[in-house]
Structure formats: C-alpha cells, structure tokens
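All residue numbers for the sequence shown refer to our numbering, where the first residue is 449 and numbers rise by one. Just so you know, even glycine gets a beta-carbon here, dropped at the ideal spot from N, CA and C.
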Amino acid sequence: MSTQTEFKGTARFQLQRQLGSGGFGSVYQVFDQERKTVVALKTLHQTDADSLYRFKQEFRVLADIHHPNLVSLYELMSDGEQWFFTMELVKGVNFLEYVWGKSKEDIDYITNAKTVRAADLEDLITQKNVEPTLKIPREATITNRQVETQTYEVIAQKILGDSSDSHFLGFSLDEDRLRAALRQLAEGISSLHDAGKLHRDLKPSNVLVTQQGRVVILDLGLAVEVAAKGTHESMHIVGTPAYMSPEQGTNLAVSKSSDWYSVGVILYEALTGRVPFTGSLVDILVKRQNTDPAPPGELVKNIPADLNRLCQDLLYRDPKLRPLGKDILQRLGKNEVDTTFVPSTFAARGLFLSGRQEPLKILKEA
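Here you go:
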C-alpha cells in the first residue's frame, strides 16, 4: 500500500488552500488554469486497490447525475501516481450552522464526527474498553442573529443518558430555515435514490448551505448502487456511528430507508441540540438496536408537532416503517425559499462532458 503525498499543485491546477481532510482524502481549493475558474479538487490518501476503487466510485456515482442539491463533479484524472478529481466549489456552512445561526467553533462536537473505515469500526467493537467519542458540550456561546427566531428551551432533566448529558444550554433555532433546508435535503436525497444510489454517510458536515440558501450534499465516497431488490449488502460496516441506521450499524442490508434514518438523526440534532444516542461507540450501537430515542418534543418545548412526528417516524428501528422520499416531501410541503440554482461555468459551457471520454475509460478499467 502506498501513501499519497500532500497535493502541491500541477501545471494545470494552482493550489490556493486546503479546505479539509478526512480519513480517505483531502480537498483543496485550486485555480484551474485551463478553465480559468476556481474549483475544488479532492485527492486520495491511500492508493491500495480498495481505496482507489472507492475513490473512482465516488466520481462514478455523480458523474451523470445533475441536481441543484447534489455537488457537481467535473473531471477525474491522475498526475503520475496521484489520483484526484475536480468538482464544484461550494461556499457555505454546514447544516446545523445554518439552522442554528452559530459559528463552526460553537458546533465542534458531533458535527466533526469522523467517518470510520470498516476495519477500524470492527476493531473498536471487539475492544473491551472503548473510550467515549461522542460527548454533549458543557457550554455553548449563543450567537445573536439579526433575524426573527423561535427560541427553544431545552428541558435538561428529560435528556436521556448519564448526568454528564444534562448540561446542555438553550439555543436558538430558525424554524423557517430548518424547513427550507430540510426540504432541499430531502429533494437531493430523493434524486440520488431515483438514480439508484445510496449515500450511506449523511451527517451535518456533509450537507452545506450557501449564502443564497441552496443546500448541497457532499462526500459521496461511500455511495453505492442499489440492487434490483432495493437494498445493498456490504461485507463491511462503514459510515459515521452517530448517524448510522440500526441495520447499517450491524452490517445488515441497507436501503433507501437507511439514508432517511440518517436524515432523522440530523433533524433530531437540529431540534434538540443532541443526537439520539451518545456514549462510546459500542454504547451507541447497542442503544440504537434496543431503544427508541426520546421524542424531540419531550426534550424541548414548543417543537412544531409535524416536525416532531416526522423525526420520530424517520427514526423507527424497523426500516419498513420509515417514510420514504415522496411521502417526506409531501409532509414538508412547498419550499417557499428561492433556491434557484445557477449552473457553474462548467455546466453552462457544456464542460461536464469535456474530457469525459478519458475518465470514462479509466472508470471502466477500475
């Protein structure tokens, strides 16, 4: 197994700055000197067969799917032994930052949860003493926004868990923003499912919202094809533990319902300030299999009844009971926020297909 060196730029792509780094790869902001525009460029950390296949798979998943709520991918290429692909540069904040009106520094706990590799997750499950990895913050700085917000009072004594879980302070939630963003998130996921794909790693940090209010789903590295029977069976457990569905956390077949469970966790966190289950990795997996989370309305006052019910329905342990895209969109109603998508210069110029023949050839050989 070889390890990729840090991206330094190429003759075509001038490095501007690193945007982020995860377990599988890093994302950079670069200037494409051929297209004369700024784009995002994702590199791969490891070049073993499995990692390279997953990397190419991420490109394949969205190469031919175009939707305003899914990030647009441009070109897949290599420079020597270094593999990377370019994509739309999305300037925005994560889902919770948008609906809470708080800075990233104030939301530096669950939203930074890492996607785990299958081997790492399986190793942790077998360990006797797993260190807690998901904690509720002891304090939070509230950022005042110059918009009308509905304040939700957290009822600390009703929060499930040990005593350390009951020290979460109140926070402000912009209900209008939440409804608009949730509707777009559902539209993006529905389009992915309609194309026969599953995301498998939905979480707040993988959902950005631009200044114009456009929701964009990112990081399709774990996305897979849905089989004819509507499920996907994997040999490994992958994803982010706090947001996994019960079936995903026990290596059972996943389906569209699995992605919608993750949306339920995101909604739960947006409404209550916490994910349904906390503790060590093993604690989370066990609780999720055997316990229904407390309804958001039992933790926080004045939560809208429809969102409270939708959240509970999305978090059913039995995937057959969870609502799917069409039902969810109907329940969320019309999106009143203008989220008109202006295609990038790549799309406007027909450049999605530019240079595509070579990437397609590469993908077929993957």
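Range covered by the beta strand (DSSP E) that runs through residue i
i: R465; result: 461 to 469
i: Q494; result: Element bounds for Q494: n/a, residue is neither H nor E.
i: L822; result: Beyond the ends of the chain as shown, which are 449 and 814, falls residue 822; an answer cannot be given.
i: V541; result: 540 to 542
i: I665; result: 663 to 665
Residue i vs residue j beta-carbon contact at 8 Å
i: L463; j: V475; result: no
i: K633; j: V711; result: Inspection of the sequence shows that residue 633 is occupied by Leu rather than by Lys. Against a cut-off of 8 Å, the Cβ pair of V711 and L633 comes out as a contact.
i: K832; j: M535; result: The requested residue 832 is not part of the displayed model; the chain covers only 449 to 814.
i: Y716; j: P689; result: no
i: L666; j: V547; result: no
i: V713; j: V702; result: no
i: N542; j: V664; result: no
i: P652; j: S706; result: no
i: L780; j: L646; result: no
i: L622; j: G549; result: Contrary to the premise, residue 622 reads as Asp rather than Leu in this sequence. Cβ atoms of D622 and G549: closer than 8 Å.
i: G470; j: Q659; result: no
Cutoff 8 Å: residue i Cβ touching any chain B Cβ
i: L762; result: Absent here is chain B; the protein component of the structure consists of one chain.
Alpha helix (DSSP H) segment containing residue i, residue limits
i: S710; result: 704 to 720
i: V730; result: 729 to 738
i: I776; result: 773 to 780
i: I637; result: 623 to 642
i: L769; result: From DSSP, L769 is part of no alpha helix (DSSP H); its letter is neither H nor E.
i: F761; result: The sequence given here places Asp at residue 761; Phe does not occur at that position. Looking at the DSSP string, the run of the alpha helix (DSSP H) that includes D761 is 753 to 762.
i: P744; result: 744 to 747
i: P694; result: 694 to 697
For residue j and residue i, the rounded distance between their alpha carbons
i: L696; j: L640; result: Checking the sequence, you will find Gln at residue 696 rather than Leu. Each residue's alpha carbon lies about 18 Å from the other.
i: V655; j: A488; result: 16 Å
i: Q605; j: V748; result: Because the pLDDT of Q605 is 30, which lies under 50, any placement of that residue in the model is unreliable, and the number read from its coordinates should be weighed accordingly. The alpha-carbon atoms of Q605 and V748 are separated by roughly 11 Å.
i: F532; j: L521; result: 11 Å
i: W708; j: R465; result: 34 Å
i: Q598; j: P694; result: Model confidence at Q598 stands at a pLDDT of 41, short of 50, so the residue's coordinates are unreliable; what they give is reported in the following sentence. In a straight line, the C-alpha of Q598 is about 32 Å away from that of P694.
i: L777; j: L719; result: 19 Å
i: D613; j: L758; result: Unreliable positioning characterises D613 in this predicted model, as indicated by a pLDDT of 32, which lies under 50. The coordinate reading is nonetheless provided below. Roughly 24 Å between the two C-alpha positions.
i: L524; j: R508; result: 9 Å
i: T698; j: R483; result: 45 Å
i: K704; j: L772; result: 7 Å
i: L500; j: N750; result: 48 Å
i: D480; j: V486; result: 6 Å
i: F725; j: D731; result: 8 Å
i: R736; j: S728; result: 12 Å
i: T793; j: E635; result: Here the model assigns T793 a pLDDT of 40, short of 50, so the residue's position is not dependable, and the following value carries that caveat. The alpha-carbon atoms of T793 and E635 are separated by roughly 23 Å.
i: K456; j: F472; result: 18 Å
i: D761; j: D740; result: 11 Å
i: N756; j: T495; result: 44 Å
i: H493; j: P752; result: 44 Å
i: A643; j: E746; result: 37 Å
i: R460; j: Q530; result: 14 Å
i: D649; j: G528; result: 30 Å
i: N738; j: G687; result: 20 Å
i: A411; j: V734; result: Since the first residue shown for the chain is 449 and the last is 814, residue 411 is missing from the structure and cannot be characterised.
i: Q477; j: V538; result: 10 Å
i: A567; j: R502; result: Confidence in A567 is poor, its pLDDT being 45 and thus under 50, which makes the residue's placement too unreliable to answer from.
i: L626; j: A511; result: 29 Å
i: T589; j: R662; result: Per-residue confidence for T589 stands at a pLDDT of 31, beneath the threshold of 50, marking its modelled position as unreliable; the derived number appears in the next sentence. One C-alpha to the other measures close to 26 Å.
i: L608; j: L544; result: Its pLDDT being 33, under 50, L608 is placed unreliably in this model, and the value from its coordinates should be taken loosely. Taking the straight line joining both Cα atoms gives about 21 Å.
i: H515; j: S638; result: 10 Å
i: K774; j: M692; result: 22 Å
i: L763; j: E506; result: 27 Å
i: D754; j: I513; result: 31 Å
i: A414; j: S526; result: No statement about residue 414 is possible, as the shown extent of the chain runs from 449 to 814 and does not include it.
i: S620; j: T458; result: 45 Å
i: L700; j: G721; result: 29 Å
i: A628; j: V657; result: 11 Å
i: R765; j: E454; result: 42 Å
beta-carbon residue i near the ligand HEM non-hydrogen atom, thresh 7 Å
i: N756; result: Among the components of this structure there are no ligands whatsoever, and the ligand HEM is therefore not found.
Which runs of the alpha helix (DSSP H) spanning at least 4 residues fall entirely within the stretch 480 to 538, listed in chain order? 497 to 511
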